[in-house]
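Data first, discussion second: the structure below is written as structure tokens.
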Amino acid sequence: MMCKFASLLLVTVLTWPSVAVAAILDPALEPATINTSPGPEYADNTRIFQGIPGIERAANGRLWATWYAGGPDEPGEGPGNYVMVVSSGDDGKSWSKARLVIDPAGPVRAYDPCLWHDPDGRLWLFWAQSYNWWDGRSGVWCSVTENSGDEAPRWSAPRRLCNGIMMNKPTVLGTGEWLLPASVWVEPAKAAIPPEYRHDLGSENGANVHVSRDKGATWSLWGQAHVPNRVFDEHSVVERGDGSLWMLVRAAYGIGESVSTDRGKTWSEGKVSPIPHVNSRFFIRRLQSGKLLLVTHNPPNRKTRSHLIAHLSDDDGKTWTGGLMIDERPSVSYPDGVQAPDGTVYLIYDYARTGDKQVFMASFTEDDVKSGEWRSAKARQRVLVNQATGRNAKPRASAVAPAAAGKWLKQAAEDAKQDRTTIAYDGKTPNKLVCDTTLRELADGSWALFMLAGDDFEPSPKNYIGLTRSTNQGRTWSPLEPVEMGFPRECKTSGQGPTELMVRGEQSTLFFSTHSQTWGRDWQSWMMRSDDLCRTWSKPEPMPGRLANFTFIRNHIVTREGRIIIPFQHYVGPGKDVPPPPAEEKPWHKALRHYVSNPRNGVLISSDGGKTWSEHGNVRLTADDRYHGWAENNLAELADGRIVMIIRGDRLGGVLYAAESKDGGKSWPEFATKTEIPNPGSKATLYSLGGDAVAMLHNPNPKQRSPLALWISFDGLKTWPYQRVLVPESSDGPKGNLNYPDGFVSQDKQWLHFAFDDNRHRAVHYSAKLPPLSPAVPTSSNAVKAAMPPPAVLDLTLKPTVINTAPGPEYSDEQRDYAMTIGIERTHGGRLWAAWVAGGDSPLAYFVAASSDDNGATWSKPRLVIDPVDTPAPASLPHSALVGNFWTDPTGKLWLFYDQSLGSFDGRAGVWAITCDNPDAETPRWSAPRRIWHGMTLNKPTVLKNGEWLLPISLWTRDRMGKEFRDCYRELDPLRMANIFVSNDQGVTWTRRGGVTIPNTDFDEHMFVERNDGRLWLLARTKSGIAESFSSDQGRTWSDPKVSTIKNVSARFFLRRLASGRLLLVKNGPIDQRLKSRSQMTAFVSDDEGKSWKGGLVLDERNGVSYPDGFQSPDGRLLISYDRNRATDSEILMAQFTEDDVLAGKLVSSDSRLKMLVNKAIGPKSGRLP
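Numbering follows the UniProt record's numbering, in which position 595 of the sequence shown is assigned residue number 595; successive positions increment by one, without gaps.
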């Protein structure tokens, strides 16, 4: 923190015109110095955080900009924040350094500044002061200048105006009154703040407006509004043509609104605004033309701070026109603006506050906004106002904590007594090479050790991927065998080497690279999968995008919310202006220096179990594009959700480098930071032990890869009190190297099993005993408890979500990039309704529904959307709708079942339903949502002969829960099964009747039919296919489940009784075959209650077809919907056929159709791995 006093002094009484302050013991009430000559401590290269900007324009054209920052010891929002002001005298072409700084003394931060010219031409600078991050009160301060056109104006002494935080410009009413929007946040002061500095303002908590009737000399609290799920308010007020005031407020779902008809004294009950937005600041202002200008975020997923767009309204916000894209990049935020007399609008915003740390300006006119194009002479985009270049002076990863070393040294000595080690492979010339050892535990408990082998050195065209196995936890090992990659070991793929084996249940994914002679020649990167314990492999497929070349993949992690993150190191090279080295007999050194240069580190993230991936990060070690050296990286997730990355650096000071992502891996800094961890330029690996406890295997020597050590940090890589040497030196003596340790932590967190290569010719297995984690150190369970959301957050899923019956363009086909079918249904009037999931089979999932009035020939645009709002900060958990279905009940009422959950599954979720009595109307009326029970319903209810309605509800098993919820809802564990609910009053009420636990379940997705003998037959999805069970008492009790004779891939199927009495079954492939992929969507019928099946109409033979659902029309036609390649082709399809078609195995009916398109999402696709 800059210029902070070492101690706080008792100050005499101060009285401001609007706030009396008695005996100031609170440092947040002290006026800060107006520093108009900031020193070098506030220079660009000292700041490691900056954002939340504001802008104004003086009468002579001088531009003023402000924002708040932190550095060099304040990496975000905290007590080290200060406000800074810059100016431009050439219309924004160039900008000054800091001309004014507000940096309060002590643990007080200055933040959320705002600039405003009042009607008399005075320039006001507003800012907030709070003890630490938020003390429950804060306070709006100001300083004013009357000569803002000057380069160095005179500023008044600071004065405190009111409690709260104000970051948007005041509004001058037609009456001449000035209204100042100031918020007292809903969030209480942090418990870490001393009690004497914590405040609870009670009824003053809200989106307040303060009024001045004497041109700002005094201000008084005038009115207050509240909107649902308010966050930080950040409200703005505009006066409408009818004299009413319209307040827009930031909320968890985007924007809330309230109206006042008495100049702001009282406000209507807040409600959700129809303006789509993310949880972030927006900008609204009345222009000289009388129109309103609105700048908001409008990203395709309605969640990311990207796609800043400007719109206009000439009817006081009822409708909006135009749409000028200001900046579409992620991490742009917090717009503020001003209009010049000539009509030019100047807009300022920030970009990547802790990464690029940039503040940008744009200028445009109303015509530009109206046309949606940057046409006018005044139009400018991404004008750089400022970029901070500071780097964290206190890196997260540091050295040992001496105070704790004694205790841990004793523990390390005890642990060492239990270590065990074996030699897995001992290479001999001419094939002695061992490198890149990768040890993993497979689904059956056996161990697989992959390594780069072949020849006596690497890189070499004779290198190959070798595999040895152990079935007794490393005591003995099988002979080394080459792994068949599907590539010839010649030409461009002659050299082959593994870098990561990702084991996820029964599937293993091997990431590897190939080259022709050296990593500098024809280096390509691949992945392939195995479903049989690494015995056979799929065809190799290239990594996505730029990562297909010059890339290594390293150890993956799975976050607490279930996302998979894999780090990559990619080599950009020195550029086209640098000629490659000349060919020679053994060119590998020169080729490496040329091609293996300019490394960039980042991550691939998957939220759907590895089906699709997105790339994030471009972290550099140095600004020198010609830097050459390896940059192996590794990841760990900390207790608060941050992802930390360590990176090898060659010839960069003999230490590891580190980078950190504060948003779960989505954004990263441009440059990594030096740590104090010694490293000679070698791969180090991280292993999460729960909470902030992280183990690291590495060489703690800046000059040589020896010894090999285990370090453990208990505070998120800040200190490393547990340090012990595992292997003092190589078996070849003190000059030998101990390279590339890589392994896994046992499930009980008692052991770290890994392998390393001893001087490039011996693969050594090592099982290191881990220390017990003391009560003061978060274990995995304790860490989850500490991070577990509070009940108030968990119970947000018990509240109904908004049913959006007028979806905006953000839900259009052009914006969506994913499609997973939910179901299809026909109304009594003949209209078809179909629903599917967008956003991913992930925590971002939401429902989209459309209709057809011509039997599926054409379909409407989305008519209904269910997109639950994410939880507000600080929890910031995604809120999903992932599972459900349409169903028309016997009375003609149309039902839509859907679930609500935090993340993909929080352990409870909940089945909700809405109904429609007029589903054939032009404007259907939907009921209010009501919650039926916990869990998920994927398939339609069944109506029994006795008139009862049975609803299948699955409460998923605990292994499906996000990690932050692992200690939640233990009381529901006895009910985690395929449940059956019954209604005896046509759906008014539903009660649980029974359930059955399915062995080897995979989401259950159960369906049942009533057989002719009165028994219920239940089929459920398992990991190996389909299981079945029977009930003779209408679902109260069930037989022990067994494997069905119907074979299927692990996927949803469809089973239904037809009007003819036959059963219809739709699944992937023939009845007696379990295919390897979701292909050959096929329909069968049975006239003996499922004992045998006839026909076999292939509805769609292609790969990636799945999740059938359907119904039978009154005329006997059968309609089945399904999806195809959800994340790539993103298609929802439909088949229309008859029983005769099924029996014939081909279409014989004149009106039957296959592969009818219901919908196709055509939004931009991210890089993906299949």
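Ideal Cβ positions, reconstructed from N, Cα and C, are used throughout, including at glycine.
In the structure shown, the three-state DSSP call for A413 is helix.
Among the bridge pairs identified by DSSP, A693 is matched with G690. Rounded to the nearest angstrom, the gap between the Cα atoms of R382 and D1100 is 49 Å.
Within the same chain, and ignoring the five residues on either side of V865 in sequence, the residues whose Cβ sits closer than 7 Å to its Cβ are N804, P807, Y811, Y846, F847 and V848.
Per DSSP, the continuous beta strand (DSSP E) segment holding E1028 begins and ends at G1025 to S1031.
Distance from the Cα of S706 is smallest, within the candidate group Y818, P721 and P728, for P728. Using a Cβ-Cβ distance cut-off of 8 Å, the stretch 259 to 271 and the stretch 290 to 301 are not in contact, since fewer than three pairs of beta carbons, one from each stretch, lie closer than that value. An exposed status is given to G505, since fewer than 16 other beta-carbon atoms sit within 10 Å of its beta-carbon. G78 is the residue among S260, N205 and G78 whose C-alpha sits nearest the C-alpha of I193. Nearest to G89 by C-alpha distance, out of V869, V385 and K215, is V385. Taking C-beta atoms under 8 Å as the contact rule, S156 and L123 fail to qualify, at a distance of about 11 Å.
Collapsing the DSSP output to three states places A453 in a strand.
Rounded to the nearest whole angstrom, the CA to CA distance from T175 to W990 is 58 Å. For P791, the enclosing alpha helix (DSSP H) covers residues P791 to L794. Between V237 and V209 the beta-carbon gap is near 6 Å, inside 8 Å, which marks them as a contact. As the crow flies, the alpha-carbon of G495 is around 5 Å from that of T514.
Straight across, the Cα-Cα distance linking S667 with L638 is about 16 Å. Residue state for N472 is assigned as coil, using DSSP reduced to three classes. Annotated as proximal: S1152 and Q1136, with beta-carbon spacing under 7 Å.
Note that the C-beta distance between N35 and V101 is below 7 Å. Judged by DSSP secondary structure, K1067 falls outside any alpha helix (DSSP H) and instead within the beta strand (DSSP E) spanning L1063 to N1068. In the DSSP assignment, L173 is bridged to no other residue. Nearest to A28 by C-alpha distance, out of E41, A105 and I55, is A105. Taken in chain order, the whole alpha helix (DSSP H) runs of length 4 or more contained in the stretch 131 to 176 number zero.
K1160 places its beta carbon less than 7 Å from that of E1131. Fewer than three Cβ pairs drawn from the stretch 742 to 758 and the stretch 923 to 938 lie within less than 8 Å of each other, which leaves the two stretches out of contact. Secondary structure of L287 (DSSP, three-state): coil. In this structure, Y766 sits near T421, with a CB-CB distance shorter than 7 Å. According to the DSSP assignment, K370 belongs to the alpha helix (DSSP H) that extends over E366 to S371. Distance from the CA of W1017 to the CA of R529, rounded to the nearest whole angstrom, comes to 36 Å. With contacts defined by Cβ atoms closer than 7 Å, A69 and R47 form a contacting pair. DSSP lists A709 as the beta-bridge partner residues of H698. Distance from the CA of F457 to the CA of W523, rounded to the nearest whole angstrom, comes to 17 Å.
The alpha-carbon of Q358 is positioned some 18 Å away from that of D91. Bounds of any beta strand (DSSP E) do not take in L29, whose DSSP letter is neither H nor E.
The C-beta of R535 has fewer than 16 other C-beta atoms within 10 Å across all chains shown, which makes the residue exposed.
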